[in-house]
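Numbering (my numbering), first residue to last: 12 to 209.
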Amino acid sequence: MKIVIVYHSVTGTTAQLAEAIAAGCSSGMAVDVQLLRIEGEDIIQGRYRNSSLLDAIDQADGVIFGSPTFMGSVSSQFKAFADATAGDRWGKQLWADKVAAGFTVGTGYCGDTLHSLHYLQILAAQQGMLWTGLDLAGAGDVKSPNRLGAQAGLIVRAVDGAIEQPDLQTAFYLGQRVVRVVSRCMWQEQKPESGQQL
Ligand SMILES: Cc1cc2nc3c(=O)[nH]c(=O)nc-3n(C[C@H](O)[C@H](O)[C@H](O)COP(=O)(O)O)c2cc1C
């Protein structure tokens, strides 16, 4: 099983979450986990140009997207990457049936961070991917995992670059969950009977 975590980070908080998610992915069965960081220098005249990062996603069974929330949405660097997944990848739905999940971080108590997760969900939907959120009921206890109560994915509030322990635990858990969901999909994978068409 191969899981990739595709993320952008300027000051390192999204990167810390990506690493905690990767640790969660690797905590059970043997999983090939790759951290794929979107770098600004790969954006030339507004276009994302790193084809090897995109090729690595082609090979993955599960893809976890992450971006800081900037002005109520994903960063422009993440969006440049997302735009580069159009063309044949979208036209031929080359990522269809891959499991997808997402995470974001902001400094606001709300910070409109849910909008970033919704964007990541829509990106996954456009690519025919299967979204998985968090099966953790947020109890409203600030010391418990999923303390912000988002179930569409992982939302974290970080002030001055510090990520609190419950959020790192939730990130770890998201990695475990994606591995679990991908395992189920692989186990149940079936080809449609011959002759069946749209
Ligand atoms: C240009 C800019 C816009 C931002 N907009 C938001 C926002 O809309 N909501 C929010 O909660 N935080 C916002 N922030 C705070 C960042 O999301 C926060 O600092 C985050 O931890 C940065 O992630 P990084 O360390 O991975 O770069 C903004 C920061 C910058 C620099």
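Think of the CB as a built atom: it goes at the ideal place given N, C-alpha and C, for glycine as much as any other residue.
Cβ neighbours of residue i in the same chain (closer than 7 angstroms, five flanking residues each side left out)
{"i": "S37", "result": "V44"}
{"i": "V170", "result": "T118"}
Closest by C-alpha distance to residue i, when choosing among the options
{"i": "A107", "options": "G122, Q138, L125, I16", "result": "Q138"}
{"i": "N61", "options": "V116, D94, G35, Q187", "result": "D94"}
{"i": "E175", "options": "D146, S155, K103, R58", "result": "S155"}
{"i": "C196", "options": "L159, D72, A67, G149", "result": "D72"}
{"i": "L65", "options": "V42, A29, L105, E52", "result": "L105"}
{"i": "Q56", "options": "Q27, A29, F92, A135", "result": "F92"}
{"i": "M82", "options": "Q70, D99, I68, C121", "result": "C121"}
{"i": "V17", "options": "E30, A31, L46, D69", "result": "L46"}
{"i": "S70", "options": "M12, Q180, A161", "result": "Looking at the sequence shown, residue 70 is not Ser but Gln. Nearest C-alpha to Q70: M12."}
Other residues of its chain near residue i: CB distance less than 8 angstroms, five sequence neighbours each side excluded
{"i": "T115", "result": "T25, G77, S78, P79, T80, V85, T124, S127, L128, L131, G164, L165, I166, V167"}
Status (buried if at least 16 other CB within 10 Å, exposed otherwise) for residue i
{"i": "S63", "result": "exposed"}
{"i": "Y184", "result": "buried"}
{"i": "G39", "result": "exposed"}
{"i": "D178", "result": "buried"}
{"i": "S22", "result": "Sequence inspection shows Thr at residue 22; the Ser mentioned does not correspond to that position. T22 comes out exposed."}
{"i": "K103", "result": "exposed"}
Nearest-angstrom Cβ-Cβ length linking residue i and residue j, presumed shorter than 8 angstroms
{"i": "V189", "j": "M140", "result": "About 12 angstroms separates the two Cβ atoms, so there is no contact after all."}
{"i": "V193", "j": "I75", "result": "Contact doesn't hold; Cβ gap of about 11 angstroms is too wide."}
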